[in-house]
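Asks:
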Amino acid sequence: MLFNSIIYFIFLACSLIIYYVLTVKYRNYFLILASAFFYMYVKIEYIFIIIFIILSNYLIGIKIERAQTKNKRKQFLYLSLFINLGILIFFKYWNFLIENLLGLFRLFHTNNSIPLIEIALPLGLSYYIFQTIGYIYDIYRGSQKSEKNIFRFSLFTLFFPKLLVGPIERAGRLLPQLAKNIYFDKENIIEGGRRIAWGLFKKLVVADRISIYQTVVINNLHEQSGITILFASLIYTFQVYADFSGYTDIAIGTARLFGFNLMENFKRPFTAKNLSDFWRRWHISLSSWVNDYIYNPISYTRRDWGNWGIYYALLISFVVIGIWHGATWNFVLFGLLQALALIYEVATRKGRRKISKKIPSLIYNNLSVLLTYLYMSFSLIIFRTDTFSQAFDILDGIFSRPGKLFFDKPSSLLFMLIGCGIMLIYDIQQEYKIFRISLFTNKSWLVQQLSYAFLLIYILLAGVFDGGQFIYFAF
Amino acid sequence: MKIIDRIKNWKSLNFLFKSLVFLVILFLLDFGIGNFLKYWYFKQYSGYLYRTTYAIDSTQAGIVIFGSSTANHQYIPDIFEKRLHISCYNTGRDGNSIFFHYAILEGILKRYVPKIVILTFDEEDFRKVQQSYDRITSLLPYYDSHPEFRPIIQLKSPFEKYKLLSKIYPYNSLIFAIGAGNAEFNQHREYINDDNGYVPLRETWKGKLGYDTSSSKYELDYNTIKYFKAFTKACFDSKIKLYIFYSPKYIRYKYEDQSIRIAKNIAKHNDIPFYEFTNNPYFLERRDLYADPGHLNEPGAKIYTQMVIDKIIQNEEQSRPTSDSILPLNKYLSIRK
Amino acid sequence: MEHDEIIKEVNKIFIEVFEDDSIVLHDNMTTEDIPVWDSLNHIQMITTVEKHFKIRFDLNELLNFKDVGDLCRGIKGKMK
Chain P
1073 MLFNSIIYFI FLACSLIIYY VLTVKYRNYF LILASAFFYM YVKIEYIFII
1123 IFIILSNYLI GIKIERAQTK NKRKQFLYLS LFINLGILIF FKYWNFLIEN
1173 LLGLFRLFHT NNSIPLIEIA LPLGLSYYIF QTIGYIYDIY RGSQKSEKNI
1223 FRFSLFTLFF PKLLVGPIER AGRLLPQLAK NIYFDKENII EGGRRIAWGL
1273 FKKLVVADRI SIYQTVVINN LHEQSGITIL FASLIYTFQV YADFSGYTDI
1323 AIGTARLFGF NLMENFKRPF TAKNLSDFWR RWHISLSSWV NDYIYNPISY
1373 TRRDWGNWGI YYALLISFVV IGIWHGATWN FVLFGLLQAL ALIYEVATRK
1423 GRRKISKKIP SLIYNNLSVL LTYLYMSFSL IIFRTDTFSQ AFDILDGIFS
1473 RPGKLFFDKP SSLLFMLIGC GIMLIYDIQQ EYKIFRISLF TNKSWLVQQL
1523 SYAFLLIYIL LAGVFDGGQF IYFAF
Chain S
118 MKIIDRIKNW KSLNFLFKSL VFLVILFLLD FGIGNFLKYW YFKQYSGYLY
168 RTTYAIDSTQ AGIVIFGSST ANHQYIPDIF EKRLHISCYN TGRDGNSIFF
218 HYAILEGILK RYVPKIVILT FDEEDFRKVQ QSYDRITSLL PYYDSHPEFR
268 PIIQLKSPFE KYKLLSKIYP YNSLIFAIGA GNAEFNQHRE YINDDNGYVP
318 LRETWKGKLG YDTSSSKYEL DYNTIKYFKA FTKACFDSKI KLYIFYSPKY
368 IRYKYEDQSI RIAKNIAKHN DIPFYEFTNN PYFLERRDLY ADPGHLNEPG
418 AKIYTQMVID KIIQNEEQSR PTSDSILPLN KYLSIRK
Chain A
111 MEHDEIIKEV NKIFIEVFED DSIVLHDNMT TEDIPVWDSL NHIQMITTVE
161 KHFKIRFDLN ELLNFKDVGD LCRGIKGKMK
């Protein structure tokens, strides 16, 4: 069930009505059923994997908490990691590992055959496995109590708004909300609905429109001019942002309709002045997860190495972020590129600060924003391709082929630019509040309503309604 | 307690009232803008949307050409008219499938019966792809005025009826195209002739000759086969002479494509001439006649159209003894060199 | 050392490490409240604190610090 499909909205409307008609104490049970249905709608078999993950981690969580010795706790932690990472590796990284191992064997002229498996990745696996690992690790280090109520724990993992593409929630944020009684509140309906409207705008008007252009350019890469490929690469960054943050908006909006607050996943990443800033604004639920469970432990234990400890921790963290997206060397390289930029930023922090004082801040800040955006767009060329040679083809195309900018009709270009423009102005307004008058948060409720009505009308006018999957789905 | 209850009630009433206001605003905007777009859409006098409307509602041509881009950019009505002395219109529209072609034919047959119909057919035309259904969108503006399109529009999705409750929806993504279709400058583009539907391609292909050695099996879409058959039957029932053409490609095919095989079989069973120009030695050597591997450019289309007419004339001559020809034979025989 | 004294000392370290004279610490301040304080220079601050008070935290303590108050209580606990 895609978030931008009609089926989803029918499902959403029905479950919302049933949810609020039921008496308070049955509401969460109903959400478990609805979420299981939502997950099984795509493929029934995968529900067994998620049930297994829920049951095993539920038990391990309690065991860790009750374990008397540090050693026992560690054993249970390892057991949980073995189960969670084992499942993730089996479904997501098996073929990648085997292919590379075989390649290594071939170097030493030994012949081995380990079977590859043809199996589809269960949807959302990377998201809920990471969430579960976070939960277990929090209990292990004593900052979180284990959840004794099996239903509550099931809903923590299954809750459908965040099941397929996050945000990757934290136990400390979501579990307490699940323990509360939720009553109908019109604020939740209004805010949730507005969030979903913005999500649909980003997804249908911006991301899917750009995606049509991208497909044409990438499928005919060798016939496209350098300026076309450059343009496509530059707007790809907006596409990924609109796609993923639009999807997240729908997730957060949906959760809000049911009375839950999910964590924010994006904070105007295009206003970031450097890469470290960018990663605090981009896919926050993943980057903060990696920060808390990988970067911090490593950098703390290696703190005697001085800056080298930080570099080491950054490298590992970003390789994990890279490979989390999928099992290719391109994702690894993508992660390495991010780590390199961050290492550079740590090493030159003081120097850059001195320089910034000599240049007018308006120029310095805007240049920094531009540079960050360009570096990210460059990294995404590696991110979007499967092999190094494909990435090289794109780069080579940008620099070697003269010619005009390709567009089939002027209207496609106009639709893309207007969509991006509205999205960026909205973000910039949220970040800097440059306009005194705000349409969507105006004091008059009528102006607010008119603004949202026009937003929906524009989606009807300029949205792309057919085809198109979310780019982040395969992760 | 009672006071609190009252406040609660007042608050929820207020919420209901505001929600209602929002829905009314939304409905009025959709209704107003949607109806304006409808008026504007049918007021166009040039452009590809105008040409589709013209094909459905106005053309009286004796020869009508149906198909996707391979029809639209490769069959030049002027040449048909000159050589055969019958008026001709090209209804081809990029990226559309047999569902669209069939709908246009239905629309035309409600008004009059053309003498000759040409349908272009390409490899993988029976392949199951979502695009065939997504492109049915082209027919949405005619949902109200052409009930005969409705079963086809329903193929797109079971929700189409409900989506059409929105008056803007049929004109989604079209606002700029409609604007251009109403604009003065659009009428004066010299290379597109809105009166006969043909749109020339002006590029020249620079790439290498493609080789297709895949005999790839793909999932067939039985809906497309059904509508292909319906298309041939509609022509047969109205006594229209139907020709099917598989046009030149700058690709050498090693194996015959599944869809082509099926379409040829259907044609054979129904005595419909099916002409293949793929793997035609002449066109495989003339890269200069292509705009891209799948489409001829304008000079290519000129040569190809002549060949198509040759085939039609040949066929008419052969079938003359047994049936009354539909072409004014004396006239065209004198024109032939 | 009392809690207030510790926080004063830590404040000096913050000003030195983050190169910002305007920092005035309170118990419930987090990285959110001091823009230049992030996970990249956090560890520099920690090592400076450790050197200054001649203590050494273990990993779990470091991971569980949520705000300035936690840090100062941690320092106090270590110095006993």
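Protein chains in written order, with the working numbering: chain P, 1073 to 1547; chain S, 118 to 454; chain A, 111 to 190.
By construction, the Cβ of each residue, glycine as well, lies at the ideal position given by its N, Cα and C atoms.
#1: Secondary structure at T237/S, three-state DSSP: helix, strand or coil?
#2: Need the endpoints of the beta strand (DSSP E) that R369/S sits in, please.
#3: Can you check whether the CB of D148/A is closer than 9 Å to the CB of S1348/P?
#4: Using the Cα positions of E393/S and F1162/P, report the straight-line distance between them to the nearest angstrom.
#5: Does the stretch 169 to 189 of chain S come close enough to the stretch 142 to 149 of chain S to have 3 or more Cβ pairs within less than 8 Å?
#6: Mapping DSSP to helix, strand and coil, what is E1552/P?
#7: Roughly how many angstroms lie between the CA atoms of N1167/P and H1397/P, to the nearest whole one?
#8: Could you pull out every residue in the same chain whose Cβ sits closer than 8 Å to the Cβ of F1202/P, ignoring the five residues on either side in sequence?
#9: Evaluate K1245/P with the Cβ neighbour count: other Cβ atoms within 10 Å of its Cβ, from every protein chain shown; 16 or more gives buried, anything less gives exposed.
#10: Decide if the stretch 1498 to 1512 of chain P is in contact with the stretch 1321 to 1330 of chain P; the criterion is three or more beta carbon pairs, one per stretch, under 8 Å apart.
#11: Less than 6 Å between C-beta atoms, sequence neighbours within five positions excluded: which residues of the same chain meet that for Q1541/P?
#12: Which residue or residues does DSSP assign as beta-bridge partners of V181/S?
#13: Run the CB neighbour count on P189/A, radius 10 Å, all protein chains shown included, and call it buried at 16 or more, exposed below.
#14: Using only alpha-carbon positions, find the residue among Y360/S, D374/S, N387/S that is nearest to Q431/S.
#15: Alpha carbon to alpha carbon, how far is L1409/P from A1546/P? Give it in angstroms, no decimals.
#16: Can you find a C-beta in chain S that's less than 9 Å from the C-beta of I1078/P?
#17: Would you check if the distance between the CB atom of L1235/P and the CB atom of S1107/P is smaller than 9 Å?
#18: Report the rounded CA-to-CA distance for S214/S versus K273/S, giving the unit in angstroms.
#19: Give me, in chain order, the residues of the same chain whose beta-carbon lies closer than 7 Å to that of P1194/P; leave out the 5 immediate sequence neighbours on both sides.
#20: Quick one: using the 10 Å Cβ neighbour count with 16 as the cut-off for buried, is I1082/P buried or exposed?
#21: Along the beta strand (DSSP E) that carries F362/S, what are the first and last residues, could you check?
#22: Given a threshold of 16 other Cβ atoms within 10 Å of its Cβ, counted over all protein chains shown, does K284/S qualify as buried or as exposed?
#23: Contact defined as beta carbons within less than 8 Å: I believe I1254/P pairs with R1099/P. What is the distance between those atoms, to the nearest angstrom?
#24: For A300/S, which of helix, strand or coil comes out of DSSP?
#25: DSSP three-state call for L1446/P: helix, strand or coil?
#26: Taking F1075/P as the reference, which of F1110/P, I1282/P, L1496/P has the closest Cα?
#27: Around the C-beta of W322/S, are 16 or more other C-beta atoms found within 10 angstroms, so that it is buried, or is it exposed?
#28: My guess is that M155/A and F124/A are in contact by the Cβ rule of under 8 Å, so how many angstroms apart are they, rounded?
#29: Grab the span of the alpha helix (DSSP H) containing D329/S for me, first residue to last.
#30: Check the Cβ-Cβ distances between Q1216/P and every residue of chain S, and say whether any is below 9 Å.
#31: With three or more C-beta pairs closer than 8 Å as the rule, is the stretch 389 to 407 of chain S touching the stretch 267 to 282 of chain S?
#32: Look at the alpha carbon of L137/S and the alpha carbon of L130/S, and state the distance between them as a whole number of angstroms.
#33: Less than 7 Å between C-beta atoms, sequence neighbours within five positions excluded: which residues of the same chain meet that for R252/S?
#34: May I have the straight-line CA-CA distance separating F1102/P from G1331/P, to the nearest angstrom?
#35: What do you get for A1192/P, buried or exposed, if any count of 16 or more other CB atoms within 10 angstroms of its CB means buried?
#36: According to DSSP, simplified to helix, strand and coil, what is E223/S?
Replies: Result, derived from the coordinates:
#1: Translated into the one-based positions of the second sequence, residue 237/S becomes position 120. T237/S: strand per DSSP, three-state reduction.
#2: In the second sequence, counting from the first residue as 1, residue 369/S sits at position 252. Unbroken beta strand (DSSP E) run through R369/S: 368 to 370.
#3: Taking the first residue of the first sequence as 1, we reach residue 1348/P at position 276. Taking the first residue of the third sequence as 1, we reach residue 148/A at position 38. Yes. Within cutoff.
#4: Position 276 of the second sequence, counted from the start, is the residue given in the question as residue 393/S. Position 90 of the first sequence, counted from the start, is the residue given in the question as residue 1162/P. In a straight line, the C-alpha of E393/S is about 50 Å away from that of F1162/P.
#5: Note that the stretch 169 to 189 of chain S does not touch the stretch 142 to 149 of chain S; fewer than 3 beta-carbon pairs, one per stretch, sit closer than 8 Å.
#6: Any question about residue 1552/P goes unanswered here, given that chain P covers just 1073 to 1547.
#7: What you label residue 1167/P is simply residue 95 of the first sequence in a count that begins at 1. What you label residue 1397/P is simply residue 325 of the first sequence in a count that begins at 1. Cα-Cα distance, rounded: 15 Å.
#8: Reading the first sequence from its first residue, position 130 is the one you call residue 1202/P. Only I1240, L1358, W1361, W1396 meet the Cβ criterion.
#9: On the first sequence, position 173 is the one that residue 1245/P refers to. The residue asked about is misnamed: residue 1245/P is Arg in this sequence, not Lys. Flag for R1245/P reads exposed.
#10: no
#11: Position 469 of the first sequence holds residue 1541/P. With a pLDDT of only 38 at Q1541/P, under 50, the local geometry of the prediction cannot be trusted, and no value is derived from it.
#12: Position 64 of the second sequence holds residue 181/S. In the DSSP output, where bridge partners are listed per residue, V181/S has Y206/S, V234/S.
#13: Translated into the one-based positions of the third sequence, residue 189/A becomes position 79. Per the sequence presented here, residue 189/A reads as Met, with Pro not at that position. Result: exposed.
#14: To locate residue 431/S, count along the second sequence from 1; it is residue 314. Closest by alpha carbon: Y360/S.
#15: Position 474 of the first sequence, counted from the start, is the residue given in the question as residue 1546/P. Position 337 of the first sequence, counted from the start, is the residue given in the question as residue 1409/P. The predicted position of A1546/P is uncertain, since its pLDDT is 37 and thus under 50; a value taken from the coordinates is nonetheless stated next. Taking the straight line joining both Cα atoms gives about 22 Å.
#16: Working through the first sequence from its first residue, we reach residue 1078/P at position 6. Yes - at least one Cβ of chain S is within 9 Å of the one on I1078/P.
#17: Locating residue 1235/P in the first sequence gives position 163, where the first residue counts as 1. Locating residue 1107/P in the first sequence gives position 35, where the first residue counts as 1. Judged by their CB atoms, L1235/P and S1107/P are nearer to each other than the 9 Å cut-off.
#18: Taking the first residue of the second sequence as 1, we reach residue 214/S at position 97. Taking the first residue of the second sequence as 1, we reach residue 273/S at position 156. Their backbone Cα atoms lie some 12 Å apart in a straight line.
#19: Residue numbering aside, residue 1194/P sits at position 122 when the first sequence is read from its first letter. Spatial neighbours of P1194/P in its own chain (CB-CB distance under 7 Å, excluding positions within 5 residues in sequence) are listed in chain order as Y1118, I1121, F1163.
#20: Residue mapping note: residue 1082/P aligns to position 10 of the first sequence, counting from 1. When all chains shown are included, I1082/P counts as exposed.
#21: As a first step, residue 362/S must be located in the second sequence, where it is residue number 245. Element bounds for F362/S: 358 to 363.
#22: Position 167 of the second sequence, counting from 1, holds the residue named residue 284/S. Label assigned to K284/S: buried.
#23: As a first step, residue 1254/P must be located in the first sequence, where it is residue number 182. As a first step, residue 1099/P must be located in the first sequence, where it is residue number 27. Correct: roughly 6 Å between the Cβ atoms.
#24: Looking up residue 300/S in the second sequence gives position 183. Coil, per DSSP.
#25: Position 374 of the first sequence, counted from the start, is the residue given in the question as residue 1446/P. It is helical.
#26: Working through the first sequence from its first residue, we reach residue 1075/P at position 3. Here the closest residue by C-alpha is F1110/P.
#27: In the second sequence, the residue the question calls residue 322/S occupies position 205. Classification for W322/S: buried.
#28: Position 45 of the third sequence holds residue 155/A. Position 14 of the third sequence holds residue 124/A. Separation of the CB atoms of M155/A and F124/A is rounded to 7 Å, and the pair is thereby assigned contact status at 8 Å.
#29: As a first step, residue 329/S must be located in the second sequence, where it is residue number 212. D329/S -> not in any alpha helix (DSSP H); beta strand (DSSP E) instead, spanning 327 to 329.
#30: Working through the first sequence from its first residue, we reach residue 1216/P at position 144. Not one chain S Cβ lies under 9 Å of Q1216/P.
#31: no
#32: For this step, residue 137/S is matched to residue 20 along the second sequence. For this step, residue 130/S is matched to residue 13 along the second sequence. Their Cα atoms are separated by approximately 10 Å.
#33: On the second sequence, residue 252/S is found 135 positions in, with the first residue counted as 1. So the qualifying residues of the chain are G212, N213, S214, F217.
#34: In the first sequence, the residue the question calls residue 1102/P occupies position 30. In the first sequence, the residue the question calls residue 1331/P occupies position 259. Going by the C-alpha atoms only, they are around 14 Å apart.
#35: Mapped onto the first sequence, residue 1192/P falls at position 120. Classification for A1192/P: exposed.
#36: Indexing the second sequence from 1 puts residue 223/S at position 106. Helix.
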